[in-house]
Ligand SMILES: Cc1cc2nc3c(=O)[nH]c(=O)nc-3n(C[C@H](O)[C@H](O)[C@H](O)COP(=O)(O)OP(=O)(O)OC[C@H]3O[C@@H](n4cnc5c(N)ncnc54)[C@H](O)[C@@H]3O)c2cc1C
Ligand code: SF4
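Residue numbers (my numbering): 37 to 531.
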């Protein structure tokens, strides 16, 4: 740390967001372009280099946070980039999208606002691209071994990059027409512009990774055929089997799953469609589900000019301060957080005025009602207590021309036939079973990311991709120099 008193003299300052009225008129990232670099070295200087860095442990990638905070405070961007890329293949993704469990574990956060670790990470990554420190690193020699990676989400991409750099010949199979998994058609442009994804894909192509898009393994190419053709197969197909809401009226027109709705809006941003056939324009939208996917639907519906948007959360409204008994430092606490999308919906003229928040907490959907044509027109809900029992006298009706279900995902989608064709065993909850070496019951077939862990986060997906790559490398060559940040049994503290 360049200034040992930085944490006492510099207040926490985050990358500022653009004004709401400006950003809801476009799909660009919510942050003020160019406003991060001028503040970030002073922010990095707030790191106390505390000796026992809990942030480092709280990050599933084991990012060397105090080291790069120090390098950024001294403006040594090249060394900072080297240290960051030593543990994270895609820091511009996590620097924008990670919920930052590291900041909950920051020692400064015991009694002061945490260091803006995620912003520092993003600044290093963006600077690395701007200054040419992220050039391709093709292997010096090839091993002669081949690996098929199924799925091009963050898990598959991280695994493929690590294995390619280790000298193996890697082909990534992707059923969508474009690469990136949920980062492509789930996560909206205003959270991360696709240019960041394209740049990494360009780097990977230059390193030698091969990509086969619009290819469904299990249908377009048989899973057993792939098994025979490659020395190892990595299943990184994600967990996209969505949860349903089995209440009366669910069959009405206008009720959609979040992942039916978000990809269409993303396709508009990609130039495939001039407007979404499922646009929220002029509609009263109700989103069922209080998580991040719901918040992404919220920000999208606001940009599509919905007449009103309400998000229902079954959980009670959390507090604004950490509960020291239930969720002590350094765990990731469940707090009331106002994401960029919530900030935007709050400013809608039609936002529910009661608490100036588009969210209704402790709200359980009872049923939907439709009009004569069979289209949804209203949603009936009731307030529930901690045991999810209805609170008498709290029933109410919301206008709803469009309902988006964002209730999470139960496990991998089995419709492609991939799991059955390979004969891999699944856990009772539907995820793919694997051992400590990420191996399924079928020798040479590995499983990683959401497909095996269950619905999770990008930082865990990258960590899984890196770890499964080390396991595959060991399987192919008998040993590995590749780092393995996690084991299949590691679980987040709460995130
Ligand atoms: C709307 C939404 C928003 C999110 N926002 C965030 C966020 O802000 N921050 C965060 O950390 N996490 C977020 N997540 C979670 C995060 O995106 C996932 O945890 C992560 O993408 C999982 O990575 P993965 O590579 O394991 O799977 P995925 O990203 O799901 O990728 C799996 C890929 O496999 C492909 N595939 C599946 N079957 C086949 C087959 N048979 N043949 C060929 N290809 C196949 C799929 O098409 C897909 O491209 C979000 C999730 C959603 C749904
Ligand atoms: S990847 Fe997430 S947890 Fe790790 S340093 Fe970055 S923001 Fe923190």
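Quick reminder that beta carbons are idealized off the backbone N, C-alpha and C, glycines included. Owing to the predicted nature of the structure, the values given are computational and were not obtained by experimental measurement.
Beta-carbon spacing of residue i, residue j below 8 Å
i           : j           : result
residue 63  : residue 305 : yes
residue 457 : residue 258 : yes
residue 242 : residue 501 : no
residue 222 : residue 120 : no
residue 419 : residue 285 : no
residue 454 : residue 267 : no
residue 443 : residue 290 : no
residue 338 : residue 438 : no
residue 447 : residue 490 : yes
residue 144 : residue 150 : yes
residue 376 : residue 335 : yes
residue 156 : residue 71  : no
residue 210 : residue 182 : no
residue 507 : residue 521 : no
residue 101 : residue 153 : yes
residue 91  : residue 131 : no
residue 360 : residue 370 : no
residue 65  : residue 219 : no
residue 89  : residue 495 : no
residue 23  : residue 414 : Nothing can be reported for residue 23: it is not among the residues displayed for the chain, which extend from 37 to 531.
residue 112 : residue 83  : no
residue 352 : residue 422 : yes
residue 481 : residue 460 : yes
Nearest residue (CA-CA) to residue i, options the options
i           : options               : result
residue 226 : 425, 380 and 239      : 380
residue 395 : 282, 382, 269 and 407 : 382
residue 515 : 473, 478 and 271      : 473
residue 86  : 97, 141, 126 and 114  : 141
residue 411 : 506, 201, 319 and 110 : 319
residue 128 : 170, 93 and 213       : 170
residue 198 : 519, 296 and 524      : 519
residue 205 : 84, 400, 402 and 246  : 246
residue 451 : 255, 366 and 440      : 255
residue 400 : 417, 408 and 393      : 417
residue 49  : 75, 184 and 66        : 75
residue 470 : 483, 138, 371 and 487 : 483
residue 212 : 232, 231, 203 and 189 : 189
residue 272 : 38, 510 and 504       : 504
residue 94  : 138, 60 and 294       : 138
residue 524 : 488, 509 and 362      : 488
residue 187 : 40, 253 and 430       : 253
residue 19  : 301, 323 and 347      : Nothing about residue 19 can be reported from this structure: the residues present for the chain run from 37 to 531 only.
residue 179 : 368, 224 and 510      : 510
residue 517 : 134, 173, 201 and 38  : 201
residue 283 : 356, 441 and 59       : 441
residue 492 : 435, 107 and 276      : 276
residue 237 : 51, 192 and 109       : 192
residue 122 : 112, 103 and 83       : 103
residue 53  : 409, 424 and 374      : 374
residue 527 : 73, 260, 124 and 367  : 367
residue 166 : 114, 133 and 134      : 114
Identified DSSP bridge partners for residue i
i           : result
residue 445 : 278
residue 186 : 209 and 271
residue 419 : 399
residue 204 : Bridge partners of residue 204: none, in fact.
residue 405 : 414
residue 346 : 322
residue 235 : Note: residue 235 sits in no beta bridge, so no partner.
residue 53  : 67
CB contact below 8 Å: residue i versus chain D
i           : result
residue 500 : Protein chain content of the structure displayed is limited to a single chain, and chain D is not contained in it.
Chain-ordered list of residues that sit, by beta carbon, closer than 6 Å to a heavy atom of ligand 2
Result (chain order): 95, 97, 99, 101, 130, 134, 136, 137, 138, 153, 154, 157 and 495.
Runs of 4 residues minimum, wholly inside the segment 95-145: which ones carry the alpha helix (DSSP H) assignment?
Those alpha helix (DSSP H) runs which fall completely within the segment 95-145 and span 4+ residues are 101-109, 113-121, 127-133 and 137-140.
Can you list, in chain order, the stretches of the beta strand (DSSP E) that have 3 or more residues and sit fully within the segment 246-299?
Runs of the beta strand (DSSP E) inside the segment 246-299: 246-248, 268-271 and 291-293.
Completely contained alpha helix (DSSP H) runs for the segment 421-504, where each covers 4 or more residues:
Here the runs fully enclosed are 454-458 and 486-489.
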